[in-house]
Ligand code: GAP
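Pasting the structure below:
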């Protein structure tokens, strides 16, 4: 059953994202470009932490996966062979009353009559296929011969480079090729903030195998991917695995799972894990006339490998991380009176800023110098934010709101003024429990190494 939508919560999240510099509408000062988003100073850090962690566990921590970074501009033959030129389309319907272009599955039905979701109009055109690819021209000519496409998925460049990468990496089956990069789809109705955009990023792995390994590896990758989400702070209880039914699956796929998350606007897909058989490599082999076969030294067999593909959306996962992290609770203000606190409870691994450093008073040169010394000590290992303005409680709140898991305060005890035994110690505050502990400055790198692992 789909989770109920929570419009108010989503509105607060969108507003926080803009207010604190996670995500802005693209070209905002000119009225905005629909379906395109810009990530601000905190958004870009969050996105990088996610992509780096994916790359770490998918490529660096494995012997059987190598990476690549393909071009966005794509030769039309690639996308003809893959079936995108012919078939990468959504059925589109126009509302003659309000002139909206609608995806057929977005119509609402009342008393058995289909209506426009915007104006309730019933005067609708018949559905027609709308190709989602962005077409462009390469070079000075703008005729048929110069057409190229912005890639609609990163996967195709992996298939097209399969042979080159096999040769240079000298991997044996099963092995994978991973890629993170931009993809473009001219979505009919971009919506739900960044969830459905026209420009977005994917993290894709094409894991090549023998035909008999396909179904088993599909299960293996589904489980690996679920573990990944749990390890970045998305609880298993909010993740759902949908087995895509036969009639909705691509004709070449022998099995596909969608990993879904309970967003405030309902349960929606984060990632697809698909067993694509040998379809892509076979299509490119046929269309290019170049062999994309694998030669098995042991059995002396030559065959086109099969592939299992976990394909995740960077922007959707970033949105899920923010939605999951958003929370409101009660915290005492300066005078001890309880007030509402907005806090992003990011997993420390994902948090854009790991630690705030605060001198208790900004007009005390010794406190300021000590705080800056700590910033210098920690910066080589993590993102640190130095803040000396305003009451200390306000400074904590500002960091809570952007999800900074730790706060260090340099006070008079740090200077050894009250008790010489406390010289060169600071308070370390935990964002979630708001508890503070006294720790030695020299121990900070080790403490963070453990807590951010
Ligand atoms: N290579 C397979 C493939 O591209 P997909 O299910 O079309 O499969 C994979 O896309 C993932 O890419 C989705 O699960 C989603 O996370 C992300 N994605 C697809 N379309 C998107 C869009 N319009 N906006 C944001 N993310 C999108």
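In the working numbering, the protein residues as written are 1321 to 1773. Just so it is clear, CB atoms sit at the ideal spot from N, CA and C, and this is done for glycine as well.
Quick check on this structure: which residue in the options has the alpha carbon closest to the alpha carbon of residue i?
i            : options                : result
residue 1747 : 1505, 1575, 1675       : 1675
residue 1550 : 1363, 1752, 1641       : 1641
residue 1497 : 1505, 1513, 1528       : 1528
residue 1612 : 1591, 1692, 1485       : 1485
residue 1401 : 1515, 1477, 1526       : 1477
residue 1687 : 1737, 1754, 1610, 1704 : 1737
residue 1669 : 1459, 1366, 1712       : 1366
residue 1431 : 1424, 1440, 1425       : 1440
residue 1625 : 1615, 1634, 1619, 1499 : 1615
residue 1573 : 1404, 1628, 1445       : 1628
residue 1583 : 1408, 1555, 1720, 1435 : 1555
residue 1334 : 1678, 1514, 1415       : 1514
residue 1761 : 1739, 1735, 1754, 1773 : 1735
residue 1646 : 1578, 1723, 1620       : 1723
residue 1654 : 1712, 1702, 1661       : 1712
residue 1682 : 1405, 1708, 1703       : 1708
residue 1481 : 1608, 1715, 1460, 1339 : 1608
residue 1720 : 1330, 1340, 1544       : 1340
residue 1500 : 1545, 1634, 1621, 1423 : 1634
residue 1694 : 1658, 1459, 1759       : 1759
residue 1639 : 1594, 1590, 1652       : 1590
residue 1568 : 1578, 1704, 1560       : 1578
Mapping DSSP to helix, strand and coil, what is residue i?
i            : result
residue 1496 : strand
residue 1709 : coil
residue 1537 : helix
residue 1321 : Note that residue 1321 scores 46 on pLDDT, short of 50, meaning its location in the model is unreliable and no value can be drawn from it.
residue 1418 : coil
residue 1412 : strand
residue 1747 : strand
residue 1454 : coil
residue 1339 : helix
residue 1469 : strand
residue 1579 : strand
residue 1404 : helix
residue 1667 : coil
residue 1558 : helix
residue 1481 : coil
residue 1349 : helix
residue 1383 : coil
residue 1392 : coil
residue 1641 : helix
residue 1771 : helix
residue 1649 : strand
residue 1508 : coil
residue 1569 : coil
residue 1525 : strand
residue 1625 : coil
residue 1330 : helix
residue 1501 : strand
residue 1726 : strand
Can you have a look at residue i and say buried or exposed, based on whether 16 or more other CB atoms are within 10 angstroms of its CB?
i            : result
residue 1596 : buried
residue 1517 : buried
residue 1349 : exposed
residue 1631 : buried
residue 1520 : buried
residue 1563 : exposed
residue 1393 : exposed
residue 1321 : Because residue 1321 sits at a pLDDT of 46, beneath the cut-off of 50, its placement in the model cannot be relied upon, and the following sentence gives the value as read from the coordinates. Residue 1321 should be labelled exposed.
residue 1372 : exposed
residue 1453 : buried
residue 1604 : buried
residue 1412 : buried
residue 1699 : exposed
residue 1462 : exposed
residue 1769 : exposed
residue 1667 : buried
residue 1523 : buried
residue 1644 : buried
residue 1457 : exposed
residue 1689 : exposed
residue 1337 : buried
residue 1468 : buried
residue 1547 : exposed
residue 1766 : exposed
residue 1592 : buried
Check whether chain B comes within 7 Å of residue i, counting only Cβ atoms and requiring the distance to be less than that.
i            : result
residue 1332 : You won't find chain B in this structure, because it holds only one protein chain.
Between the stretch 1489-1504 and the stretch 1528-1540, do three or more beta carbon pairs fall short of 8 Å?
yes
Could you check whether the stretch 1507-1516 touches the stretch 1353-1361, counting it as contact only if at least three pairs of C-beta atoms, one from each stretch, sit closer than 8 Å?
yes
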